[in-house]
Amino acid sequence: MNWLFERASLPFAAAALMLAGLAQAAPKPQVSKSQAQAIALRVAPGKIVKAEYERENGAWRWSFDVRQGARIHEIGVDAKTGKIVEDSFETPGERD
0 MNWLFERASL PFAAAALMLA GLAQAAPKPQ VSKSQAQAIA LRVAPGKIVK
50 AEYERENGAW RWSFDVRQGA RIHEIGVDAK TGKIVEDSFE TPGERD
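Residue 0 is where the sequence shown starts when you use numbering that gives the first Met the number 0, and the numbers rise one by one after that.
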């Protein structure tokens with residue numbers, strides 16, 4: 000029984016280590032979240048309703064959904080340079 004438990008546990012342990020490695024793969028951003036928020040709000044004044052640090056098109060960025068009345072303005076800020084990399088409006092069907 001002990002042998003069976005050890006054999007069955009090995010794949011789960013390996014998967015947990017892989018997921019932990021993926022979670023740590025994101026580099027520390029050179030532009031902080033608060034700096035990126037200030038940049039985003041200068042471009043799109045409103046209330047930030049969602050913030051993410053994500054990799055898109057091979058680069059790390061801060062992504063903010065800014066509510067402006069009934070619309071959601073999506074602003075992407077490069078996490079290395081602070082430059083705006085996305086400035087678009089979401090349609091109601093795009094909300095997640």
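Don't be surprised by glycine CBs; every beta carbon is placed ideally from N, CA and C.
Cβ neighbour criterion (16 or more within 10 Å) applied to residue i
i: Phe63; result: buried
i: Asp77; result: buried
i: Thr39; result: Per the sequence shown, the amino acid found at residue 39 is Ala instead of Thr. With 16 or more other Cβ atoms within 10 Å, it is buried.
i: Arg60; result: buried
i: Phe4; result: Bear in mind that the predicted position of Phe4 carries a pLDDT of just 47, short of 50, making it too unreliable to give a figure here.
For residue j and residue i, the rounded distance between their alpha carbons
i: Lys49; j: Gln36; result: 11 Å
i: Pro28; j: Ile47; result: 19 Å
i: His72; j: Pro91; result: 11 Å
i: Lys79; j: Ala69; result: 31 Å
i: Gly57; j: Gln67; result: 29 Å
Inter-residue CB distance, residue i and residue j (contact presumed, cutoff 8 Å)
i: Ile74; j: Val42; result: 6 Å
i: Val65; j: Gly45; result: 4 Å
i: Gly52; j: Ala25; result: For the record, residue 52 in the displayed sequence is Tyr; it is not Gly. With a Cβ gap of about 7 Å, Tyr52 and Ala25 count as contacting.
Endpoints, beta strand (DSSP E) assigned at residue i
i: Val84; result: Ile83 to Glu89
i: Val30; result: That residue, Val30, is in no beta strand (DSSP E); it is neither H nor E in DSSP.
i: Gly75; result: Arg70 to Asp77
i: Ala50; result: Lys46 to Glu55
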